[in-house]
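2 protein chains.
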Amino acid sequence: MEKNNKGNYKNQVGQSASGSIKTYKKDSEVSYALGAAPTFELLKKYPQQTRRVFVHSDWERGAASEELFRICRNLGIEPEERNKAFSVLSQKENCFVIGEFEKFYPALDPSKTHIVLVNPSNSGNLGTILRTALGFGIYDIAIIRPGVDVFDPKTVRASMGAVFSLRVKYFDSFDEYLTGSDCGMEGRSFYPFMLKATMELGSAPLAQRCSLIFGNEATGLPDSFLNVGESVIIRHSNEIDSLNLPMAVGIALYEWKRSNR
Amino acid sequence: MEKNNKGNYKNQVGQSASGSIKTYKKDSEVSYALGAAPTFELLKKYPQQTRRVFVHSDWERGAASEELFRICRNLGIEPEERNKAFSVLSQKENCFVIGEFEKFYPALDPSKTHIVLVNPSNSGNLGTILRTALGFGIYDIAIIRPGVDVFDPKTVRASMGAVFSLRVKYFDSFDEYLTGSDCGMEGRSFYPFMLKATMELGSAPLAQRCSLIFGNEATGLPDSFLNVGESVIIRHSNEIDSLNLPMAVGIALYEWKRSNR
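Those protein sequences? They're chains A and B, same order as listed.
First residue of the first sequence: 0, per numbering that gives the first Met the number 0; consecutive thereafter.
First residue of the second sequence: 0, per numbering that gives the first Met the number 0; consecutive thereafter.
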């Protein structure tokens, strides 16, 4: 196989530009998996949604690049060596692979446990929550608007590609979630996590099929959620205002898993 | 009280420069609490270590600024309105108060439970861990070098000032921690958290006085820790490589707290 002077495999990597590359916007049709790990996840879980794959000329070629090129070949995608894509799309230095994909909009599974995020505002936090959810075997995430964009490349990256294994759906209001076909309200338990709650996490088992509900990073859930199901507090010392949001979600998931072994 | 055209209280805020302001370096004698909340924590917990307080001219004056000026006055510190400090020290836009402090080096309390971080590399993660530790009533943190700088302003900020309520101490090796007077090895239980461990978190109670030991974000703990005390795993699905570090620490602390109610 012919190598160029950087050790790259010329005949595996397209040198021609296949179209323009634009900074991600919330209303874009496509988004980007930044980095090799999330791009592999994308190709595995949503091959049909993958449009283009960009690789950086500085990417050290080896087993990982061979594997990427093999998968792309099988899908009929020609990876493009196009450094411009990285300067446009990625602020991080250690990003050498980018997967471009059409956004997807799965429905939630009403038979399963859900995480409900009411007005989450931080993309890094959302990514961490997605990764943690996948770690605890929860696949369904409802986001009540306004909420940070799950397809923001920062979220996709922070999720380490977990977003491609989950069902994430947006709702205009909690009522819309509650009364729609995604929820399966009948027989479902609801646990809003609130500092004003009276039930302490761990004092009683969490139902196997439930919705674990969390508020915004700065403001938490509105008081109206005290009337939704059984509100829960994760007890902590009064030396901090609150646990951070991903931490609260992770601890709740750990306890849910413990309750349902 | 005379106000200037921005509504600021001239006679509370020094306009003269008290000395130079330099970008933070690891070997600096001083560091910085970026933001009002961590600066209040600094002034409360380490008033004697506080050297200077900077406020931005855009800071909206009200109850918070009055309180800050009152505390500073009591300590004989004159807050300086000096926007240059913010352009030099802070990358964030929403930072209007900075507290400059001399670094401090407390010993650990050998009678208490410790968190031991072996080679932590991310300042944001360390800050989140500190905040969570304070939330679960753990005050003693050992860091095994090489490890990220706890006085990095990014860490101080991510901890939301929790660093000023904790005892954080660096050791050149785990052995140095183990055999020194900070540890109090006699009667202490050791729990290294490792993917190769056999004991699952939650399957047995954690000792009241113990050391919860965590490895580097990317590499975890070396295998040698399998011989230290009783190694523990936080069970998760094989769809993720691992929980992120602050998450693992937070879940461990939650379980420790549950074990010792």
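Cβ atoms here follow ideal geometry from the backbone N, Cα and C, with glycine treated the same way.
Are there 16 or more other CB atoms within 10 angstroms of the CB of residue i, so buried, or fewer, so exposed?
i: Glu101(B); result: exposed
i: Lys5(A); result: Note that Lys5(A) scores 45 on pLDDT, short of 50, meaning its location in the model is unreliable and no value can be drawn from it.
i: Asn82(A); result: exposed
i: Thr22(A); result: exposed
i: Glu92(B); result: exposed
i: Leu165(B); result: buried
i: Ser202(A); result: exposed
i: Lys43(A); result: exposed
i: Arg69(B); result: exposed
i: Asn121(A); result: buried
i: Lys256(B); result: buried
i: Asn3(A); result: Bear in mind that a pLDDT of 44 at Asn3(A), under 50, signals an unreliable position, so the number given afterwards is only what the model happens to contain. The residue in question, Asn3(A), is exposed, as its Cβ has fewer than 16 Cβ neighbours within 10 Å.
i: Asn237(B); result: exposed
i: Arg130(B); result: buried
i: Ser172(A); result: exposed
i: Met198(B); result: exposed
i: Met184(B); result: exposed
i: Tyr104(B); result: exposed
i: Asp174(B); result: exposed
i: Asn10(B); result: Low local confidence applies: a pLDDT of 44 at Asn10(B) is under 50, so the model's placement there is unreliable, with the coordinate-based value given in what follows. Per the 10 Å Cβ criterion, exposed.
Assuming residue i is part of the beta strand (DSSP E), what are its boundary residues?
i: Ile137(B); result: No beta strand (DSSP E) holds Ile137(B); DSSP gives it neither H nor E.
i: Tyr190(B); result: Ser188 to Pro191
i: Phe100(B); result: Val96 to Glu101
i: Leu205(B); result: Neither: Leu205(B) is in no beta strand (DSSP E) and is coded neither H nor E.
i: Arg257(A); result: Counting along the chain, Arg257(A) falls outside any beta strand (DSSP E), though it belongs to the alpha helix (DSSP H) covering Leu244 to Ser258.
i: Phe68(B); result: Taken as a continuous stretch (DSSP letters only), Phe68(B) belongs to no beta strand (DSSP E), being part of the alpha helix (DSSP H) at Ala62 to Leu74.
i: Leu107(B); result: Taken as a continuous stretch (DSSP letters only), Leu107(B) belongs to no beta strand (DSSP E), as it is neither H nor E.
i: Asn116(B); result: Sequence inspection shows Leu at residue 116(B); the Asn mentioned does not correspond to that position. Note, Leu116(B): beta strand (DSSP E), His113 to Val117.
Between which two residues does the alpha helix (DSSP H) holding residue i run?
i: Leu41(A); result: Ala35 to Lys44
i: Ser210(B); result: Per DSSP, Ser210(B) belongs to no alpha helix (DSSP H); it is in the beta strand (DSSP E), Cys209 to Phe213.
i: Lys83(A); result: Asn82 to Leu88
Name the one or two DSSP bridge partners that residue i has.
i: Met198(B); result: Val231(B)
i: Leu225(A); result: Answer is none; Leu225(A) lacks a bridge partner.
i: Leu52(A); result: Sequence inspection shows Val at residue 52(A); the Leu mentioned does not correspond to that position. Paired residue(s): Gly98(A).
i: Tyr31(B); result: Glu99(B)
i: Gly219(A); result: Asn215(A)
i: Ile142(A); result: Leu116(A) and Tyr169(A)
- Query: Whole alpha helix (DSSP H) runs in the segment 144-179 of chain B with 4 or more residues, listed along the chain?
  - Reply: 152-157 and 173-178
- Message: So if I threshold CB-CB distances at 7 angstroms, which residues from the segment 124-138 of chain B count as touching chain A?
- Response: Thr127, Arg130, Thr131, Leu133, Gly134, Phe135 and Gly136
- Task: Check each residue of the segment 242-255 of chain A: if its Cβ is closer than 8 angstroms to any Cβ of chain B, include it; give the result in chain order.
- Result: Leu242, Asn243, Pro245, Met246, Gly249, Ile250, Tyr253 and Glu254
- Query: For the segment 23-38 of chain A, which residues have a beta carbon sitting closer than 7 angstroms to at least one beta carbon of chain B?
  - Reply: none
- Which residues, in order along the segment 86-117 of chain B, keep a beta-carbon less than 9 angstroms from a beta-carbon of chain A? none
- Task: Please list the residues of the segment 150-162 of chain B that have a C-beta atom closer than 8 angstroms to any C-beta atom in chain E, keeping them in chain order.
- Result: Any reference to chain E falls outside this structure, whose protein chains are A and B.
- Could you please tell me which residues of the segment 53-68 of chain B, in chain order, have their CB closer than 9 angstroms to any CB of chain A? none
- Message: Can you pull out the residues from the segment 212-239 of chain A whose beta carbon lies closer than 9 angstroms to at least one beta carbon of chain B?
- Response: Ile233, Arg234, His235, Ser236, Glu238 and Ile239
- Query: Taking any Cβ of chain A, which residues in the segment 161-186 of chain B have a Cβ under 7 angstroms from it, in chain order?
  - Reply: Ala161 and Ser164
- Item | Residues of the segment 192-203 of chain A whose Cβ lies closer than 9 angstroms to any Cβ of chain B, in chain order | Leu200 and Gly201
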